[in-house]
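Chemist: Got a structure for you, questions after.
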Amino acid sequence: MQTAPEPRSSRRSELSETEGPETSGANPEKLHLVPKNRVGARETFFADGLFRGIVVLCAVAVLAIVGLIVSQLITQSHLAMSKFGLKFLTKQIWDPVAEDFGALPFIFGTIVSSLIGLIIAVPLSVGTALFLTELCPRKLRAFLSLLVELLAAIPSVIYGLWAIFVLSPFLRIYVEPFLQKYFGWTGLFTGPKYGWGMLAAGVVLAIMIIPIIASISREVITAVPRVQREASLALGATQWEMLRMSVLRNARPGIFGAVILGLGRALGETMAVTMVTGNRPEIAKSLFAPGHTLASVIANEFSEAVGNIYPSALVEMALILFVITLIVNALAGLLVWSITRGMPARALA
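Under the working numbering, residues 711 to 1059 are what the sequence shown spells out, in order.
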């Protein structure tokens, strides 16, 4: 004779039986949230409002400072703008005695020295960034990165002194004769070999902007997903092909933004360029010839400017430099954001 197995009671029925009538019918009033102390709530509200006000004030202060700088530059350069107009940008004459001024030689010197610096610095910076992110041993990576970033901490006057006592003699004895002998037919390397001039200014600027371009390029290259590298290697690409097709192609907008940031740094450099550029307001084809930049002429002559038109012309050149630097940095920020999408590069790695 078979007996049917007894049905197992569920866990819920067991709990309901053991709880009893007092626990099963819980008082719903005990589940209500206990309100905070009104005094504490008021203090929290006051602290939040105070913090918000301080943060907004800081942001408004930054905008106010920029607005005051722009307004002062426009106000102080009004005399020169009303007298020379747009011809100020195209005239080559700089005669403080006759109060006849033109900014073209200084704009030319600023652009030429900055372009020379970029031509030298960009390959070195990108190569340094690739080595630190892809090829450098892990034990040396932090140390070498620190050495590269330390270049940005050296004061510009030290760069200028080094250029006077070390770089200029080296260029005059070794580099400039070589360039004149083999590339003099271009017209860019002719004339007397002083050791200082636009070429020396470009070399100094290149050394000064290498840490900026290298550090930003390193962050942008780090932001390229690791999957891109692994996919290229899985398809049989060599390490160079992987770097060229997967890393550099994806990091190209960010690297270009780093280059533009370096250009903005080079455009505004004053002391080091002033000490080696030669400080002569002329436009010459040869890179051996001395020249002048917007920043260097302001630093050299503003303390000696007399009258009304002379200081106004210098302030107008400061306004030109400010506008150029603002446009360059805004473009660089947009390009860097296009690859990082507003996030830190390390968060995207």
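Where a beta carbon is used, it is the ideal one built from N, C-alpha and C, also for glycine.
#1: Which of the three DSSP states is assigned to Gly1001 in this structure?
#2: Which one of Ser996, Leu845, Glu992 has the shortest CA to CA distance from Gly897?
#3: Between which two residues does the alpha helix (DSSP H) containing Lys891 stretch?
#4: Please look up how many angstroms separate the CB atoms of Gly870 and Ile922, rounded, as I've assumed it's under 8 Å.
#5: Helix, strand or coil: how does DSSP classify Phe818 here?
#6: For Met1027, which residues in the same chain have their Cβ closer than 8 Å to its Cβ, ignoring the five residues on either side in sequence?
#7: Can you name the start and end residues of the alpha helix (DSSP H) that Pro921 belongs to?
#8: I think Thr999 touches Gly912, with their Cβ atoms under 8 Å apart; what is that distance to the nearest whole Å?
#9: Opposite Gly988 in the DSSP bridges: which residues?
#10: Report the three-state DSSP secondary structure of Phe899 (helix, strand or coil).
#11: Would a C-beta distance cut-off of 7 Å place Ile919 and Arg975 closer than the cut-off?
#12: Give the straight-line distance between the Cα atoms of Leu943 and Thr843, rounded to the nearest whole angstrom.
#13: From what residue to what residue does the alpha helix (DSSP H) around Tyr869 run?
#14: For Phe755, count neighbouring C-beta atoms within 10 Å of its own C-beta (all shown protein chains included) and say buried if the count is 16 or more, exposed if not.
#15: How about Ala862 and Ile926: do their beta carbons lie closer than 7 Å?
#16: What span of residues does the alpha helix (DSSP H) with Glu844 cover, start to end?
#17: Whose C-beta lies closer than 6 Å to the C-beta of Leu1041 among residues of the same chain, with five residues either side of it excluded?
#18: Can you give me the start and stop residues for the alpha helix (DSSP H) that Ile883 sits inside?
#19: Among Tyr1020, Phe1032, Leu1031, Ile1037, whose alpha-carbon lies nearest the alpha-carbon of Phe794?
Modeler: To lay it out plainly:
#1: Gly1001 falls in the strand class under three-state DSSP.
#2: Selected option, being the one with the closest Cα: Ser996.
#3: It spans 886-893 - the alpha helix (DSSP H) in which Lys891 sits, taken as one unbroken run.
#4: Going by Cβ atoms, the distance from Gly870 to Ile922 rounds to 18 Å, so no, they are not a contact pair.
#5: If DSSP states are grouped into helix, strand and coil, Phe818 belongs with the helices.
#6: Sequence-distant partners of Met1027 (beyond 5 residues in either direction) whose C-beta falls short of 8 Å from its own C-beta, in its chain, are Ala813, Phe816, Leu1004, Val1007, Ile1008.
#7: For Pro921, the enclosing alpha helix (DSSP H) starts and ends at 908-933.
#8: Before going further, note that residue 999 is Ala rather than Thr in the sequence given. Between the beta-carbon of Ala999 and that of Gly912 there is about 13 Å, and that puts the pair past the 8 Å contact cut.
#9: Looking at the DSSP output, Gly988 shares a beta bridge with Gly1001.
#10: Note: Phe899 maps to coil in three-state DSSP.
#11: In this structure, Ile919 sits near Arg975, with a CB-CB distance shorter than 7 Å.
#12: Their backbone Cα atoms lie some 17 Å apart in a straight line.
#13: Counting along the chain, the alpha helix (DSSP H) containing Tyr869 begins and ends at 866-872.
#14: The residue is exposed, with fewer than 16 neighbouring Cβ atoms inside 10 Å.
#15: Not a contact, by the Cβ cut-off of 7 Å.
#16: Here Glu844 belongs to no alpha helix (DSSP H), and DSSP marks it neither H nor E.
#17: Closer than 6 Å at Cβ, skipping near neighbours: Ile970.
#18: In this chain, Ile883 is not harboured by any alpha helix (DSSP H), its DSSP state being neither H nor E.
#19: Distance check between Phe794 and each of Tyr1020, Phe1032, Leu1031, Ile1037 places Tyr1020 closest, using alpha-carbon atoms only.
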